[in-house]
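Encoded as structure tokens, the structure appears first; notes follow it.
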Amino acid sequence: MTDRIKIALTKGRVEKQTLPLLEQAGFNMAPVRDNKRKLIFDLPDDPYTVILAKGPDVSTYLSQGAVDIGIVGSDILTEQQNQAYELLDLGIGKCQFVLASTKDFDPKASRRKVIGTKYPLITQRYFAEKGEDVEVVKIEGSVELAPLIGMADAIVDITETGTTLRENHLQIYDRLQEVSTRVVVNPMSLKQHRQEIFDFVDRLNEVIKKPQAN
Amino acid sequence: MMRNQLPTGVRDELGDSAQIKEQIVYTIQNYLKNRGFDKVITPVVEYQDVFEDYDAGQKKLFKFLASDGNMVVLRPDMTLPVARVVSSTNISLPAKFYYSGDIFRINRALSGSQDEMTQAGAELIGFDSIKAEQECLVMMMQLSEKLELTGVQIELGIARFALLILESFIDDESQIKEIESALFQKQITQYNKLIEPFADNELYPLLQIWPRLFGPTDEVLDQISDFELPAEIQAEIKELKQLVKWMADKFPAADVQIDLSAKAPQDYYTGITFQAFSAKSSSYLFSGGRYDHLMAHFQNKNVAAIGLGIDIERLVEINQAGKQKQQRTFIYFDDAQWDDAEQKLTEIPNSQLCLADNLEQAKQIVKAQDGKLLDLSGGD
Chain A
1 MTDRIKIALT
11 KGRVEKQTLP
21 LLEQAGFNMA
31 PVRDNKRKLI
41 FDLPDDPYTV
51 ILAKGPDVST
61 YLSQGAVDIG
71 IVGSDILTEQ
81 QNQAYELLDL
91 GIGKCQFVLA
101 STKDFDPKAS
111 RRKVIGTKYP
121 LITQRYFAEK
131 GEDVEVVKIE
141 GSVELAPLIG
151 MADAIVDITE
161 TGTTLRENHL
171 QIYDRLQEVS
181 TRVVVNPMSL
191 KQHRQEIFDF
201 VDRLNEVIKK
211 PQAN
Chain B
1 MMRNQLPTGV
11 RDELGDSAQI
21 KEQIVYTIQN
31 YLKNRGFDKV
41 ITPVVEYQDV
51 FEDYDAGQKK
61 LFKFLASDGN
71 MVVLRPDMTL
81 PVARVVSSTN
91 ISLPAKFYYS
101 GDIFRINRAL
111 SGSQDEMTQA
121 GAELIGFDSI
131 KAEQECLVMM
141 MQLSEKLELT
151 GVQIELGIAR
161 FALLILESFI
171 DDESQIKEIE
181 SALFQKQITQ
191 YNKLIEPFAD
201 NELYPLLQIW
211 PRLFGPTDEV
221 LDQISDFELP
231 AEIQAEIKEL
241 KQLVKWMADK
251 FPAADVQIDL
261 SAKAPQDYYT
271 GITFQAFSAK
281 SSSYLFSGGR
291 YDHLMAHFQN
301 KNVAAIGLGI
311 DIERLVEINQ
321 AGKQKQQRTF
331 IYFDDAQWDD
341 AEQKLTEIPN
351 SQLCLADNLE
361 QAKQIVKAQD
371 GKLLDLSGGD
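Just so you know, the sequences run in chain order A and B.
Note that full-length UniProt numbering has the first sequence beginning at 1, numbered continuously upward.
Note that full-length UniProt numbering has the second sequence beginning at 1, numbered continuously upward.
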């Protein structure tokens, strides 16, 4: 058997938005679409194996060389200080990091603020750049709760449309970096499988360059 | 209670993997010794200043205060300590050294990376001839053979290629750094944005293909031949071509590639760089280059020098993969049979004296160890 290229695809939203792009690029993704429980799929017509994983794990697998290609959000790449090559911005999964809180939050208040977030590193960097020292509290889910229950003065989180924030009566105080889905590659793999990896990236690039029908 | 636990990022090595490591280190050291290199052993602990200004000093290090109030670190690199030795002792140059030892870098916690890694290598100090590069290439080729590596690719590069090209038409240092970093990290979206302002520059077509400027030697040399490159880099390109040709003559079967899009393996490299990996390795196995300016970090004079580092951890990994565990023979014997038992021990590979007092006990040990029993006692 020849070496198959291993692609780690982030489960969930990224997976849903990426599958149509891969199909337009001519990859037969039927095995991934048809199966509900399996996590590893050999593509029938191409020498690629697709692995479904959680975003932060995609980054870990890549850095350990366990997979060759990763498809993952740039929020995770930044937070995990990813060292892999970022060959393509798929332009999907677009959202933005924001600083948000309740309406009585005062960003200029002169005290050490408590900030709740899933992204401690990005949060620390943001406040360090502003020359401000804050206490970061790591929250695993529903970050919006933190200011509502008095856990934190404000939160740093990603938002697509701002709906969840509005529904929880939170407003945006500042916009940080933008986020989108990226194709990343393990540097050693690129040397070992140059042709196959560039082929994969180029086929996807052709698709995203075309204006989308919808 | 931490009494029987290890901190994350370090590990014990036992049995096969420990022996394979020892064997690989022995093979390399013996090889370098036979080439007339001198051994150098430096301490694991060094002043932090030794590594400052270089990439190795910016990595996360194990640090603590020495009794003199200065910051000391567990060494993150082996070349800088050797350069320190040479600059502070009256060693007459040129000289060739080899070393092996552990280096320490703190990786992201719980990422599966090891913070303590064994490295071996050679430093050729006081040599400005291209023959020094050639000796390093010969050593990579011969060691690959001795270590039975398959699918080895040699990769040549020029440490300051990106810097010299960008400096030829950009004055702003921070802009150069930004483009370099996007190029080296192959952050293509960011990179394409950064080069846009130079669309009118005659080197723009090079900028466009730059992130993919690596691959088989003919291909890459052919690609750069289309461009009028700055004069400062011509000498190095000439050397690169010379080495490519020399490799083709000397090792016609070798798979040689060029990468002009990557960051040099170490910040202190100034000339030609060379690396090697095998089909199975998850990172480079050999990595080296010329560092003619490094000695000025320790003394007021530059010395031409070149080094080659070897990643023992990766070599062990490759060597272990696919190796089957061999069954061990346990030699059970009576007290009167010591000489016989010793004789068998030398004859049978992977055997061990069984120190049980009776055959029943011996059988239990062999079963627990999944081994083979050789009973000299005749079933007492």
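Note that the Cβ used here is the ideal one computed from N, Cα and C, for glycine as well.
The beta carbon of residue 133 of chain A sits closer than 8 angstroms to the beta carbons of 112 and 127 from its chain, once the five residues preceding and following it are set aside; these are given in chain order. Look at the segment 182-208 of chain B: the residues with a C-beta under 7 angstroms from a C-beta of chain A are 185, 186, 187, 188 and 189.
Beta-bridge annotation (DSSP): residue 99 of chain B is paired with B:121. At a C-beta separation below 8 angstroms, residue 111 of chain B has these neighbours in chain A: 60, 63 and 64. Membership of residue 199 of chain A in the alpha helix (DSSP H) is indicated by the continuous run 194-209. For residue 168 of chain A and residue 320 of chain B, the gap between their C-alpha atoms comes out near 55 angstroms. Of the residues A:31, A:32 and A:70, the one whose Cα lies closest to the Cα of residue 185 of chain A is A:70. Counting only unbroken stretches of 4 or more residues, the alpha helix (DSSP H) elements lying wholly within the segment 7-50 of chain A are 13-24 and 30-34, in sequence order. Looking only at B:153, B:255, B:199 and B:207, the smallest Cα-Cα distance to residue 184 of chain B is reached by B:207. Annotation note: the UniProt domain "ATP phosphoribosyltransferase catalytic" (56-205) of chain A contains the following uninterrupted alpha helix (DSSP H) runs of length 4 or greater, listed N- to C-terminal: 74-79, 120-129, 145-148, 163-167 and 187-192. For the pair residue 270 of chain B and residue 159 of chain B, the CB atoms are nearer than the 7 angstroms cut-off. Under the three-state reduction of DSSP, residue 347 of chain B is assigned to helix. Of the other Cβ atoms in all chains shown, 16 or more fall within 10 Å of the Cβ of residue 77 of chain B; this residue is therefore buried. Any Cβ of chain B closer than 7 angstroms to the Cβ of residue 87 of chain A would place that residue at the interface, and such an atom is present.
The segment 38-47 of chain B and the segment 160-172 of chain B do not touch, with fewer than 3 CB-CB distances between them shorter than 8 angstroms.
Taking CB atoms only, residue 283 of chain B has a neighbour in chain A less than 7 angstroms away. In terms of Cβ geometry, residue 10 of chain A and residue 98 of chain A do not form a close pair [threshold 7 angstroms].
By the Cβ neighbour-count rule, residue 223 of chain B is buried, with 16 or more other Cβ atoms within 10 Å of its own. The segment 291-304 of chain B makes no contact with the segment 190-206 of chain B; the number of CB pairs closer than 8 angstroms stays below 3.
For residue 189 of chain B, the three-state secondary structure derived from DSSP is helix. For the pair residue 278 of chain B and residue 157 of chain B, the CB atoms are not nearer than the 7 angstroms cut-off. Linking residue 360 of chain B to residue 326 of chain B through their CA atoms gives a straight-line distance of about 24 angstroms. One Cα belongs to residue 58 of chain A, the other to residue 113 of chain B, and the distance between them is close to 15 angstroms. By the CB criterion at 7 angstroms, residue 376 of chain B and residue 337 of chain B fall inside the cutoff. Per DSSP, the beta-bridge partners of residue 64 of chain B are B:72. Any Cβ of chain B closer than 7 angstroms to the Cβ of residue 151 of chain A would place that residue at the interface, and such an atom is absent. For secondary structure counted as the beta strand (DSSP E) over 3 or more consecutive residues, the segment 183-257 of chain B holds these complete runs in sequence order: 214-216. Counting C-beta pairs with one atom in each stretch, the segment 66-85 of chain B and the segment 34-43 of chain B have three or more that are closer than 8 angstroms, which means they touch. The alpha-carbon separation between residue 148 of chain A and residue 180 of chain A amounts to approximately 28 angstroms. In this structure residue 139 of chain A does not touch residue 79 of chain A by the C-beta definition: roughly 14 angstroms separates them, more than the 8 angstroms allowed. Using a CB distance below 8 angstroms, the part of the segment 263-284 of chain B facing chain A consists of 277, 279, 281, 282, 283 and 284, ordered along the chain.
Using a Cβ-Cβ cut-off of 8 angstroms, residue 215 of chain B is close to 194 of chain A, given in chain order. Residues of chain A with a Cβ closer than 8 angstroms to the Cβ of residue 3 of chain B do not exist; the shortest Cβ-Cβ separation is about 29 angstroms. Counting other Cβ atoms within 10 Å of its Cβ, residue 33 of chain A stays below 16 and is therefore classed as exposed. The beta-carbon of residue 188 of chain A is placed less than 7 angstroms from the nearest beta-carbon of chain B.
Contact annotation: in the segment 99-133 of chain B, residues whose CB is within less than 8 angstroms of a CB in chain A are 108, 111, 112 and 113.
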